[in-house]
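Data first, discussion second: the structure below is written as structure tokens.
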Amino acid sequence: MSKIPGFCSVLLLGLSVAASALAQPAGTDDADMKKEKLFPVGNGVGLTHFRVVMPGVLYRGGTEGSRAGVDGPRRPLQNQSLQALCKAGFSQAVYAYRTGWNGTENVSCAGNSLQYDYHQWDNRAALKTAFTKLHEIITQGKGAMYVHCWYGLHASGFISATALAQFCAPAGWDSRKAAEYWDSVIPPKIRYPKEHDEVANFVRFTDPELQISEQDAARVCPQYH
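Right under this line is the structure:
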């Protein structure tokens, strides 16, 4: 796993997605969905298994580890991690498990603020709440969301895959393709059939406030082969 270069002083790095350029949070400039990194937070630690899902909009990963390449402790994000995300330009962070913490925290940094919430990955009402926040990010073009679990695989992968099915249908993503994506970054021995099937059978929310335009889909939805 390679370490991401240090944070840029500017937050708008830019990435060409479809026909338009999309601003990204600092330190997230690799658009390869299958490539994991360590997102640095200082003092030699960082967010593990960090991956792009929807460039400039949605990212996933695990908690901080003691050093690069080592899985982190089973706990939510600590203050230095939240500050690093805030300074990089993220506006939302979501913890997907029910253990360890189930609250809300607001973090402020120079020129930005971040809300950190618990939204249980396998609860449809909680998933809808997370998607409502993601929809606001997409449509307003401001900030980004980091969704995490312990190792950045199952729970964060479920939210990420179903988000692609929810918002990126105009770009060719359906539940079957989302399940293929979920499988693609999880080792076969821990690729649980139940979770795969839940992604593959995911039913999109039909609420008008959870739909995006074809133009927004073209702007934020990734190409996946």
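Just so you know, this note's numbering puts 213 at position 213 of the sequence shown, and the rest follows in order with no gaps.
Cβ coordinates follow ideal geometry from the N, Cα and C atoms, glycine included.
In this text, all values refer to a predicted model and were calculated from it rather than measured experimentally.
Beta-carbon proximity check, residue i vs residue j, cutoff 8 Å
| i | j | result |
| --- | --- | --- |
| A179 | W173 | no |
| H154 | G62 | no |
| K35 | S184 | no |
| H49 | Y192 | no |
| A171 | A126 | no |
| A169 | F131 | no |
| H135 | L210 | yes |
Residue environment, residue i, which counts as buried when at least 16 other CB atoms sit within 10 Å
| i | result |
| --- | --- |
| V107 | buried |
| R51 | buried |
| I137 | buried |
| V203 | exposed |
| Q24 | buried |
| S16 | With a pLDDT of 30 at S16, under the threshold of 50, the predicted position of this residue should be treated as unreliable, and no value is reported. |
| Q92 | buried |
| I212 | buried |
| G69 | Residue placement at G69 cannot be trusted, given a pLDDT of 48 that sits under 50; the coordinates are not used to answer. |
| C221 | buried |
Nearest-angstrom Cα separation, counted from residue j out to residue i
| i | j | result |
| --- | --- | --- |
| F90 | T139 | 15 Å |
| A84 | G27 | 10 Å |
| G44 | N79 | 15 Å |
| G141 | H196 | 31 Å |
| A21 | S156 | Interpretation of A21 is limited by its pLDDT of 38, a score under 50 that renders its predicted location unreliable; the figure taken from the coordinates is listed afterwards. The alpha-carbon atoms of A21 and S156 are separated by roughly 26 Å. |
| N102 | F158 | 18 Å |
| K133 | A161 | 16 Å |
| E198 | K87 | 35 Å |
| P188 | A110 | 42 Å |
| R124 | W182 | 18 Å |
| P40 | P208 | 37 Å |
| L114 | L82 | 8 Å |
| L38 | P76 | 16 Å |
| K194 | W121 | 14 Å |
| D30 | T104 | 29 Å |
| D32 | E214 | 22 Å |
| I190 | T99 | 20 Å |
| K177 | I186 | 15 Å |
| V57 | Y97 | 21 Å |
Nearest to residue i (by Cα), restricted to the options the options
| i | options | result |
| --- | --- | --- |
| Y95 | C109, H119, Q80 | H119 |
| Y116 | K128, M145, A125, L47 | M145 |
| G143 | Y59, D32, G42, K37 | Y59 |
| G42 | D29, P222, H135, E64 | E64 |
| Q223 | Q215, A200, M54 | M54 |
| S175 | D122, A200, I190 | A200 |
| T129 | R219, D32, F205, R98 | F205 |
| R219 | I186, N112, F167 | F167 |
Residue i: CB within 7 Å of a non-hydrogen atom of the ligand ADP
| i | result |
| --- | --- |
| I137 | Although the ligand ADP was asked about, the structure shown includes no ligands whatsoever. |
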